[in-house]
Amino acid sequence: MLESQINKLFSLPELKFTNRRNLTNHIIQFEAYKSSEFEVCPKCATKTTNIHDQVYVQRKDVPIRDKIVYLRIRKRRFRCQDCNSVFREPVPGIRKGFRSTQRFISHIRWCASYFIDLKRVTIKLRCSSWLVYKVFYEQLSLEAKKMNYEWPKTIGVDEYSFVRNTKTYYKEFATVFVDFNNNKVHEVTLERSFDNLMSSKSVDIKCRENVKNVVIDMSSTYKEFVNSHFPNTKITSDKFHVIKLFNHVLNKIHIETMKHPVFLKPRTNPMRRLYLTRDDRLSFLKDQLLNTLIVFSQSLKRFINLKRGCFQFTI
Ligand SMILES: [Zn+2]
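According to this note's numbering, the sequence shown is numbered sequentially starting from -10.
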């Protein structure tokens, strides 16, 4: 087996494996050492090449075909040239103070999640129940921490369709709560009606009083939900949805205007795109053409003036 393949197997890229021995029928031992040119002192962060002595340590790894695997690692002890302290070289992939590799700890975590009880994990992996409990409850506390997060100051609420129902072929919508303070998704619920939202998990998240600003589309359901669930909130309509409604009406008026007999070939007439162009990108000639176009419709004229006002406001 190639050295790179062995390193990939053990997920310990900085170790060099030299030998493999069968200690008994059930125990395999691999010998390895680290060959870095220098190490950094953990106390004063100075580079040092001064080797004090060396020790051999034994670390447990993931079993191979029900055989226990030990790594016998030769570790050098360095003496810092600056603060004169002696330290062992660290090995990435093996946590300080642990007698097993990170890979083995991940394996315990996996077994603890899928086995019926933790005692079976200790029997299967032949490790102490202390280690199994420590690793498993560390993971549980992390999961619990994820569930206990609080509402931020500014959130956005919007609906997204992820999948289509296989029976009805209708789109299925989910409500997404976005944390605008940290630019990440805060919560996703698979409902979008008021009653379902009020009975979803998002209601259980703590500190709803923290929320000061909510950005929503102009949906009356979300407005009702936000008003009833977040007491100290100021609601803002999303700019994207406002402009979308505005453009929809503008497009309708424009299609009606282009039906005027003055315009030949209304579908391919280049004037039909002019009202969408920003004012600062219009040439003098195009600007004159647009002014001619709005003469034919008072509604279009009003909307284009309003749009110009909006752009001035947003810029
Ligand atoms: Zn030092």
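Ideal Cβ placement from N, Cα and C applies to all residues, glycine included. Just so we're clear, the structure is a prediction, and the values are computed from it rather than from any experiment.
Exposure of residue i, with buried meaning 16 or more beta-carbon neighbours within 10 Å
i: residue 129; result: exposed
i: residue 69; result: buried
i: residue 291; result: exposed
i: residue 302; result: Because the pLDDT of residue 302 is 43, which lies under 50, any placement of that residue in the model is unreliable, and the question is left without a value.
i: residue 114; result: buried
i: residue 7; result: exposed
i: residue 179; result: exposed
i: residue 282; result: buried
i: residue 75; result: exposed
i: residue 245; result: exposed
i: residue 103; result: exposed
i: residue 97; result: buried
i: residue 152; result: exposed
i: residue 127; result: exposed
i: residue 112; result: exposed
Inter-residue Cα distance where the pair is residue i and residue j
i: residue 304; j: residue 208; result: The predicted position of residue 304 is uncertain, since its pLDDT is 33 and thus under 50; no value can be drawn from it.
i: residue 56; j: residue 16; result: 6 Å
i: residue 181; j: residue 189; result: 10 Å
i: residue 155; j: residue 162; result: 14 Å
i: residue 238; j: residue 267; result: 18 Å
i: residue 160; j: residue 233; result: 21 Å
i: residue 339; j: residue 145; result: Given that the chain is displayed from residue -10 to residue 304, the structure contains no residue 339 and the question cannot be resolved.
i: residue 47; j: residue 11; result: 15 Å
i: residue 125; j: residue 101; result: 6 Å
i: residue 236; j: residue 185; result: 32 Å
i: residue 226; j: residue 158; result: 30 Å
i: residue 29; j: residue 65; result: 13 Å
i: residue 40; j: residue 34; result: 16 Å
i: residue 149; j: residue 167; result: 12 Å
i: residue 258; j: residue 295; result: 24 Å
i: residue -3; j: residue 95; result: 16 Å
Contact check, residue i vs residue j, beta carbons under 7 Å
i: residue 165; j: residue 147; result: yes
i: residue 90; j: residue 67; result: no
i: residue 61; j: residue 3; result: no
i: residue 195; j: residue 132; result: no
i: residue 0; j: residue 82; result: yes
i: residue 230; j: residue 285; result: no
i: residue 265; j: residue 275; result: no
i: residue 222; j: residue 251; result: no
i: residue 49; j: residue 93; result: yes
i: residue 143; j: residue 170; result: yes
i: residue 219; j: residue 183; result: no
i: residue 44; j: residue 52; result: no
Below-7 Å beta-carbon distance, residue i vs any chain C residue
i: residue 23; result: Among the chains in the structure shown there is no chain C, since it carries only a single protein chain.
Beta-ladder partner(s) of residue i, from DSSP
i: residue 60; result: 19, 48
i: residue 305; result: A question about residue 305 goes unanswered here, because the residues of the chain that appear run from -10 up to 304.
i: residue 139; result: 195
i: residue 174; result: 167
i: residue 36; result: 29
i: residue 9; result: 19
i: residue 202; result: 143, 223
i: residue 67; result: 40, 76
i: residue 102; result: Answer by DSSP bridge pairing: none, since residue 102 is not bridged.
i: residue -2; result: The partner list for residue -2 (beta bridge, DSSP) is empty, contrary to what the question assumes.
i: residue 153; result: 160
i: residue 89; result: 49
Residue closest to residue i, alpha-carbon to alpha-carbon, out of the options
i: residue 80; options: 223, 23, 142, 201; result: 23
i: residue 288; options: 276, 247, 258; result: 247
i: residue 31; options: 85, 233, 280, 142; result: 85
i: residue 174; options: 263, 141, 227; result: 141
i: residue 217; options: 107, 272, 228, 197; result: 197
i: residue 205; options: -5, 228, 192; result: 228
i: residue 293; options: 270, 272, 242; result: 242
i: residue 269; options: 280, 187, 297; result: 297
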